[in-house]
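S.K.:
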Amino acid sequence: MKLIVVTPPTFFVEEDKIITALFEEGLDILHLRKPETPAMYSERLLTLIPEKYHRRIVTHEHFYLKEEYNLMGIHLNARNPNEPHDYAGHVSCSCHSVEEVKNKKHFYDYVFMSPIYDSISKVNYYSTYTAEELREAQKAKVIDSKVIALGGINADNLLEIKDFGFGGAAILGDLWNRFDACSDQDYLAVIRHFKKLKKLAD
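Mapped onto UniProt numbering, the consecutive letters of the sequence shown carry residue numbers 1 to 202.
1) Can you give the beta carbon distance from T7 to R33, rounded, assuming they're within the 8 Å contact cut?
2) Check for me: the alpha helix (DSSP H) holding T47 runs from which residue to which?
3) Excluding the 5 residues flanking H96 on each side, which residues of the same chain have their C-beta closer than 7 Å to its C-beta?
4) Would the region 183-200 count as touching the region 53-61 if we require 3 or more Cβ pairs under 8 Å?
5) Quick check: the Cα distance between T128 and I49, rounded to an integer number of angstroms?
6) Would you mind giving the Cβ-Cβ distance between V91 and M72, rounded to the nearest angstrom? I have them listed as a contact below 8 Å.
7) A78 to P84, Cα distance in whole Å?
8) So what does DSSP say about A170, is it helix, strand or coil?
9) Do you know offhand how far K162's Cα is from K2's?
10) Nearest to S42 by CA position, among H62, E25 and G26, is which residue?
11) Under three-state DSSP, which class holds A201?
12) Tell me the rounded alpha-carbon separation between F179 and S121.
13) What are the partner residues of M1, as DSSP defines its beta bridges?
14) Distance, Cα to Cα, F112 vs E100?
15) Which of the three DSSP states is assigned to F107 in this structure?
Dropping the structure here:
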């Protein structure tokens, strides 16, 4: 099962080093999600990440970065719902219901379905799906290899995500909450935890 990491919404010191280390440990795809931030900060972060990993990065903002830095592709959401005119390449998008997944997944390389569980990173962002609904969606082939689970995913429920038939899991809070840029001397806890998640996903 594919493992995708979504960046925290703000930039922080050591972020490029952590991202590079995650790629070195076998991270499949990184989603660069930095809502309402100037493009220059994303540019700076990308220049600090080795070019060989750029083809595994999908951006949620500033879509010109895709061509400029030879990224994997772009991700559409409520903030940026449309792909640029004449765009060709990888496109993924966010979905928030079984119906939306059913209607949209055929048009994209993959879709995020969320929140599967109560969010770890967003306050008051609760799951809207029951296990029965997810099983039904799996049976109806709505959930398949093109659907990535997002929202509240951690080491305790990753195997259940696999069992529901998702093509992958997107991790955010469970990983980044293990690093405090203000007080932590190193980011080994993040890397250790990623290795644990990777083992469960494989």
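Cβ atoms here follow ideal geometry from the backbone N, Cα and C, with glycine treated the same way.
M.R.: From the atom records:
1) Yes, they are in contact, since the Cβ atoms of T7 and R33 sit about 5 Å apart, within 8 Å.
2) Its alpha helix (DSSP H) spans residues A39 to L48.
3) S114, listed in sequence order.
4) Cβ pair count under 8 Å is below three, so no.
5) Distance between the alpha carbons of T128 and I49 is about 36 Å.
6) Not a contact, Cβ separation roughly 10 Å.
7) Their backbone Cα atoms lie some 15 Å apart in a straight line.
8) Three-state result, A170: strand.
9) Rounded to whole angstroms, the separation of the alpha carbons of K2 and K162 is 10 Å.
10) Closest in C-alpha terms to S42, from the list H62, E25 and G26, comes H62.
11) It is helical.
12) Using only the alpha carbons, I get a separation of about 13 Å.
13) Paired residues: none, contrary to the question.
14) Between F112 and E100, the C-alpha separation is close to 10 Å.
15) In this structure, F107 counts as helix in the three-state DSSP scheme.
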